[in-house]
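**Q**
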Ligand code: SF4
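Printed below as a string of structure tokens:
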């Protein structure tokens, strides 16, 4: 099987894999078109790779003993069939593994969960509102199935909701709260949607929005310090 298509590599992060120093490998390709996507250059699945997988592995080999882990991000890493083998190779170098995913492929997620130490799952909206954000019909059903798998596996995780206030109202957030609590999920972080790098402009500023207080209150119920900036 050909190696993964890599869209980029960040040599050091202190925030993308909680409690660990890590590098981030960005996988190329995503089937969705989220209105606020901060990595639109990673969406085309067949774009030329930014670097070869072998070069990424060689870089990681030189970071053994200096980094704790490697984050697989994107794009959508589970889009690529090469992900499980790539994770095995990284583990064989002695690194812990984190996965950033939007959860649109629950079966592929299930296949890699045993290889993962931490998952950051994007929760973009309450189930019924997913098409509004992603442009993909029925997207919410797959994501909530992925969330069930993560909760059942007991893997360390964080749920992240990037909140575009003109597209998700406080009523939507309350519905999301209900849906997450019904599943027993309690690790939600609300991230402020920022204009920089966004694929399509949204009007307004988040902090001035009347629903900002509602988002802050919701974040507080999940024992997080409050909405935080994304991207
Ligand atoms: S935000 Fe994530 S899931 Fe949405 S289009 Fe961009 S890479 Fe894909």
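Residue numbers (our numbering): 22 to 252.
Even glycine gets a Cβ: it sits at the ideal position worked out from N, Cα and C.
1) Going by DSSP in three states, residue 97 sits in which element: helix, strand or coil?
2) Ligand 1 and residue 178: does the residue's C-beta get closer than 8 Å to at least one heavy atom of that ligand?
3) As a quick exercise: from 35, 111, 151, 136, pick the residue whose alpha carbon is nearest that of residue 75.
4) Would you say the beta carbon of residue 214 comes nearer than 8 Å to a heavy atom of ligand 1?
5) Using C-beta distances below 8 Å, list every residue in its chain close to residue 119, excluding the 5 sequence neighbours before and after it, in chain order.
6) Comparing C-alpha positions only, which one of 159, 157, 122, 149 sits nearest to residue 168?
7) Check each candidate in 214, 181, 115, 174 and name the one with the smallest Cα separation from residue 144.
8) Per DSSP, which one or two residues make a beta bridge with residue 59?
9) Mapping DSSP to helix, strand and coil, what is residue 24?
10) Once DSSP output is grouped into helix, strand and coil, what is the label at residue 162?
11) Using 9 Å as the threshold, is the C-beta distance between residue 50 and residue 68 below it?
**A** From the atom records:
1) Annotated three-state conformation of residue 97 is coil, per DSSP.
2) No; taking the cut-off as 8 Å, the Cβ of residue 178 has no heavy atom of ligand 1 nearer than that.
3) Taking the Cα of residue 75 as reference, the smallest distance to any Cα among 35, 111, 151, 136 is reached at 111.
4) Flag unset: Cβ of residue 214 not near ligand 1.
5) Residues of the same chain with a CB within less than 8 Å of the CB of residue 119, apart from the 5 flanking positions on each side, are 37, 38, 41, 43, 90, 91, 92, 93, 137, 138, 139, 140, 141 in chain order.
6) When each option's Cα is compared against that of residue 168, the closest is 122.
7) Checked all of 214, 181, 115, 174; the closest Cα to residue 144 is 181.
8) None, per the DSSP bridge assignment.
9) Residue 24: coil per DSSP, three-state reduction.
10) Correct three-state label for residue 162: helix.
11) Cβ atoms of residue 50 and residue 68: closer than 9 Å.
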